[in-house]
DNA sequence: GTCTGCTACCCAATCGTTTGGGTAGCGAGG
DNA sequence: CCTCGCTACCCAAACGATTGGGTAGCAGAC
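Protein chains in written order, with UniProt numbering: chain A, 1 to 345; chain B, 1 to 345.
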């Protein structure tokens, strides 16, 4: 811990103090293995490093990037950080970026197209080296523009064909749930499917449907309800589903834990006991799931790793490497909300 | 929406194109009301602005701050963004900062002292203009160091005597809960008090105790359990409290919604029906509270505003204004979890 | 004795803005 | 005619780091 304010001492100061030229000091402090490579005499290098440490020298990043044209800044855009899922992914991002000596800006777009555009412009006007986009919509028009403008970016959480992304294998996640519910004897099921513009919602739903049908089950279109990713959305959707007495399901798959929690509320209000009368399974296994009064079954997705992978991918892109999208495998955590056999009616 | 990458056109380019000097262009584009004040002829100013807009000129912030010694960057440090409370406050920060043309870095410190120090250093090495500290510990040693180093900063969410902060009036919040529980007939109560190093925990607890005692109630030390701010912590604390058969309370105040949710889980496991056998009240009124199977009573704190106020305060400090801490008033939202009369035993 | 190759440096331009200090040109007042 | 005060600009020096291109000095080879 230095006791002075960073920025008070510059490269030039160091150089003057030691009777060297700033460029020499720069090379010593910056070059990694240049010590022995004609950059400077080992003794000099040591002197420089010692002084730098002693006076708490820290290079001015704006000055450096003015010259190098790289800011070591990454922009992250998410729908909202108050969505626990994105917040956790961001923790992974922060960690990985920090390790690579990058800093991150993060902004909320509320999944609003105009806001997305605005935030992107703000990020670019800050001259970020690249973007991590966590709010991609399936009609990826903004992404095409970014490509044209040659802005380096990768997607996170939501995937769009043609762009590299770090996501959970949502299709598999949906399939795991279908298998689980089928195994427990459920034949009439519904899905609270999330927002249609999000690949997470679409893939989890289609993964679920495909597997369920492959097992011999039937899911009519009417059993799929698209709704916002939050508790309110889940509650309303579940209400609709459960009030349809023609076809009341014995199990509901909500593609998001918060929607699942809302669904539990709706079930409760209708006098259904979740975990006995009705099975509910969520997605993401947020920290709440296991702690609810009736513990919620959920698909655990490696959120931290998704964030970290997104950074790795973006750094790859910046480095002009060939990068491949990564798709991390989820696992199913069965808990009280669905841990029972459906007895034939 | 420009179709080129920001940074491709500079002040010098604009000047050359118009046959002007870069400094003239700078003054026109930067000066607010300088148009008529001898800075430039109105016609010229218009030409400059038109061209700037047309070619999508956006000034290079690193170059500007190299010269001006101000980065228009704010650093925000929070325990964890995956804590909904801080995430929402951050949304307020982002909004207010954006309005003032500042950008924000946010980092998680996990309430770990070493990490707090590290993150502060990272922020300072990025040359932020100031810091918003959302993870202050009551033994504010780091803060003293920052003061000595003349780093501009303000506190958010947690207050420490002697430093300016934007917080909820936690003492009042605690008092509101005490009054409510007392009014409903509860005489034996317990508090899940949170972490001792956080002013939020301490103030909410002491506000509660003071009011309860002022009303004539008794709260022994043993009725106060300090625990982490999450579901696990709340669950464990509630378990301890409820298993103490010598003094089983009819109501529990958890200073945080997540802890309250954990407590609900514990109550449930012990066969107690929250909202009939046991009253539980949380704090912050996070979006989940109202949607839980048994809706949770909670003290609503103006989280967004706290974030916004923190930015205002910090900008004030940067502007060398005299600033006063702000303390926003909370309100109590009574819901099913505590909306019943305690009948005398 | 010259040339080559190496070490250990130095020099100066450059990145894009900002800003204190000019100055040319013009009309008006004395 | 000189001076004053405008207006509408221009000039150049910063800010701090980076980097391509030197160069002085020395050792060894031919």
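For every residue, glycine included, the Cβ atom is placed at its ideal position computed from N, Cα and C.
Please read all numbers here as calculations on a predicted model, not as lab measurements.
Per DSSP, residue 254(A) is paired with what? Translated into positions along the first chain, residue 254(A) becomes position 254. Under DSSP, the beta-bridge partners assigned to residue 254(A) are 192(A).
Between residue 258(B) and residue 285(B), how many whole angstroms is the CB-CB distance? I'm expecting something under 8 Å. Start at 1 with the first residue of the second chain, and residue 258(B) comes out as number 258. Start at 1 with the first residue of the second chain, and residue 285(B) comes out as number 285. With a Cβ gap of about 12 Å, residue 258(B) and residue 285(B) do not count as contacting.
Alpha carbon to alpha carbon, what distance is there between residue 55(A) and residue 47(A)? Position 47 of the first chain, counted from the first residue, corresponds to residue 47(A). Position 55 of the first chain, counted from the first residue, corresponds to residue 55(A). Rounded to the nearest angstrom, the two C-alpha atoms are 12 Å apart.
Counting only the same chain and skipping the five closest in sequence on each side, list residues whose C-beta sits under 6 Å from that of residue 223(B). Position 223 of the second chain, counting from 1, holds the residue named residue 223(B). Cβ within range, chain order: 190.
Under three-state DSSP, which class holds residue 18(A)? Position 18 of the first chain, counted from the first residue, corresponds to residue 18(A). When secondary structure is reduced to three states using DSSP, residue 18(A) falls in the helix class.
Which same chain residues, not among the five before or five after residue 72(B), have their C-beta less than 8 Å away from its C-beta? Locating residue 72(B) in the second chain gives position 72, where the first residue counts as 1. The answer, listed in chain order, is 61, 65, 101, 102, 103 and 129.
Go ahead and pull the three-state DSSP assignment for residue 163(B). Position 163 of the second chain, counted from the start, is the residue given in the question as residue 163(B). The answer is coil: DSSP assigns residue 163(B) none of H, G, I, E or B.
Would you mind working out which of 315(A), 332(A) and 335(A) sits nearest residue 99(A), comparing C-alpha positions? By 1-based counting over the first chain, the position of residue 99(A) is 99. Ranked by Cα distance from residue 99(A), the options 315(A), 332(A) and 335(A) are led by 315(A).
Check whether chain B comes within 7 Å of residue 79(A), counting only Cβ atoms and requiring the distance to be less than that. Residue mapping note: residue 79(A) aligns to position 79 of the first chain, counting from 1. It does not: the Cβ of residue 79(A) has no partner Cβ on chain B nearer than 7 Å.
Cβ of residue 7(A) within 7 Å of any chain B Cβ: Counted from its first residue, the first chain places residue 7(A) at position 7. By this cut-off, residue 7(A) is an interface position.
Closer than 9 Å at the beta carbon, the chain B residues around residue 261(A): Against the first chain, residue 261(A) aligns to sequence position 261. Going along chain B in sequence order, the residues near residue 261(A) (Cβ under 9 Å) are 288, 291, 292 and 293.
How would you call residue 276(B), buried or exposed, if buried means at least 16 neighbouring beta carbons within 10 angstroms? Here residue 276(B) refers to the residue found at position 276 when the second chain is read from its first residue. Residue 276(B) should be labelled exposed.
Ignore the nearest five residues each way along the sequence and tell me which others in residue 297(B)'s own chain have a CB closer than 6 Å to its CB. The count along the second chain starts at 1 and reaches residue 297(B) at position 297. For residue 297(B), where only same-chain residues beyond five positions count, the Cβ hits under 6 Å are 281, 334, 335, 337 and 338.
Beta strand (DSSP E) segments (min. 3 residues) lying fully within the segment 201-252 of chain B: The beta strand (DSSP E) runs lying completely inside the segment 201-252 of chain B and spanning 3 residues or more are 224-226, given in chain order.
Let me see if you follow: with CB-CB separation under 7 Å, is residue 229(B) close to chain A or not? Residue 229(B) sits at position 229 when you count from the first residue of the second chain. It does not; no Cβ of chain A falls within 7 Å.
Local Cβ density within 10 Å of residue 58(B), reported as buried at 16 or more and exposed below that: Within the second chain, the letter at position 58 stands for residue 58(B). Residue 58(B) should be labelled buried.
Taking the beta strand (DSSP E) that residue 284(B) belongs to, which residues open and close that run? As a working note, residue 284(B) is residue 284 in the second chain. Its beta strand (DSSP E) spans residues 279-284.
Under 7 Å between C-beta atoms of residue 323(A) and residue 164(A): Taking the first residue of the first chain as position 1, residue 323(A) is located at position 323. Taking the first residue of the first chain as position 1, residue 164(A) is located at position 164. Result yes, Cβ atoms of residue 323(A) and residue 164(A) sit closer than 7 Å.
Just how far apart, CA to CA, sit residue 166(B) and residue 45(B)? For the purposes of this step, residue 166(B) is taken as the residue at position 166 of the second chain. For the purposes of this step, residue 45(B) is taken as the residue at position 45 of the second chain. In a straight line, the C-alpha of residue 166(B) is about 41 Å away from that of residue 45(B).
Going by other Cβ atoms of all chains shown within 10 Å of its Cβ, with 16 needed for buried, is residue 238(B) buried or exposed? Locating residue 238(B) in the second chain gives position 238, where the first residue counts as 1. Residue 238(B) should be labelled buried.
Interface residues of chain A facing residue 90(B) [CB-CB closer than 8 Å]: Here the question's residue 90(B) lines up with position 90 in the second chain. Going along chain A in sequence order, the residues near residue 90(B) (Cβ under 8 Å) are 81.
Boundaries (first-last residue) of the beta strand (DSSP E) holding residue 125(B): Mapped onto the second chain, residue 125(B) falls at position 125. First-last for residue 125(B): 113-125, but that is the alpha helix (DSSP H), not the beta strand (DSSP E).
Cα separation between residue 15(A) and residue 22(A)? In the first chain, residue 15(A) corresponds to position 15, counting from 1. In the first chain, residue 22(A) corresponds to position 22, counting from 1. Those two C-alpha atoms are separated by around 5 Å.
Give the interface partners of residue 210(B) over in chain A, defined as CB-CB distance under 9 Å, in chain order. Taking the second chain and counting its residues from 1, one reaches residue 210(B) at position 210. Ordered by position in chain A, no residue passes the 9 Å Cβ test against residue 210(B), which lies about 31 Å from the chain.
Just to make sure I have the definition right: I need the residues of chain A whose C-beta is within less than 8 Å of the C-beta of residue 253(B). Which are they? To locate residue 253(B), count along the second chain from 1; it is residue 253. By Cβ distance, chain A contributes nothing, its closest Cβ being about 19 Å from residue 253(B), past 8 Å.
Ordered along the chain, which non-local residues of its own chain (more than five positions away) have a Cβ less than 7 Å from that of residue 81(A)? Within the first chain, numbered from 1, the residue matching residue 81(A) stands at position 81. Same-chain partners within the cutoff: 87, 90, 106 and 108.
Against chain A, does residue 244(B) count as a neighbour if the rule is that its beta carbon must be under 7 Å from one of theirs? By 1-based counting over the second chain, the position of residue 244(B) is 244. Not one chain A Cβ lies under 7 Å of residue 244(B).
Quick check: the segment 245-256 of chain B against the segment 199-206 of chain B, are at least 3 beta-carbon pairs closer than 8 Å? The answer is yes - the segment 245-256 of chain B touches the segment 199-206 of chain B, with three or more Cβ pairs under 8 Å.
Do you know offhand how far residue 154(B)'s Cα is from residue 133(B)'s? Here residue 154(B) corresponds to residue number 154 of the second chain, with the count starting at 1. Here residue 133(B) corresponds to residue number 133 of the second chain, with the count starting at 1. For residue 154(B) and residue 133(B), the distance between alpha carbons rounds to 6 Å.
Contact set for residue 36(B): own chain, Cβ-Cβ below 6 Å, skip 5 residues either direction: The residue given as residue 36(B) occupies position 36 in the second chain. Model confidence at residue 36(B) stands at a pLDDT of 44, short of 50, so the residue's coordinates are unreliable; what they give is reported in the following sentence. Within the same chain, residue 36(B) has no close Cβ partners at all.
So which residues on chain A does residue 94(B) lean against when the C-beta distance must stay under 9 Å? Locating residue 94(B) in the second chain gives position 94, counting from the first residue. The contact set of residue 94(B) on chain A, defined by CB atoms closer than 9 Å, consists of 81, 106, 107 and 108 in chain order.
Check residue 130(A) in the structure and name its three-state DSSP category. For the purposes of this step, residue 130(A) is taken as the residue at position 130 of the first chain. Strand, per DSSP.
Are the beta-carbon atoms of residue 217(B) and residue 263(B) separated by less than 7 Å? For the purposes of this step, residue 217(B) is taken as the residue at position 217 of the second chain. For the purposes of this step, residue 263(B) is taken as the residue at position 263 of the second chain. Cβ distance not < 7 Å, so residue 217(B) and residue 263(B) don't count as in contact.
When burial is assigned at 16 or more other CB atoms within 10 Å of the CB, is residue 170(A) buried or exposed? One-based indexing of the first chain puts residue 170(A) at position 170. Its Cβ being crowded by 16 or more others within 10 Å, residue 170(A) is buried.
Cα-Cα separation, residue 303(B) to residue 340(B): Taking the second chain and counting its residues from 1, one reaches residue 303(B) at position 303. Taking the second chain and counting its residues from 1, one reaches residue 340(B) at position 340. If I take the Cα positions, the gap works out to 28 Å.
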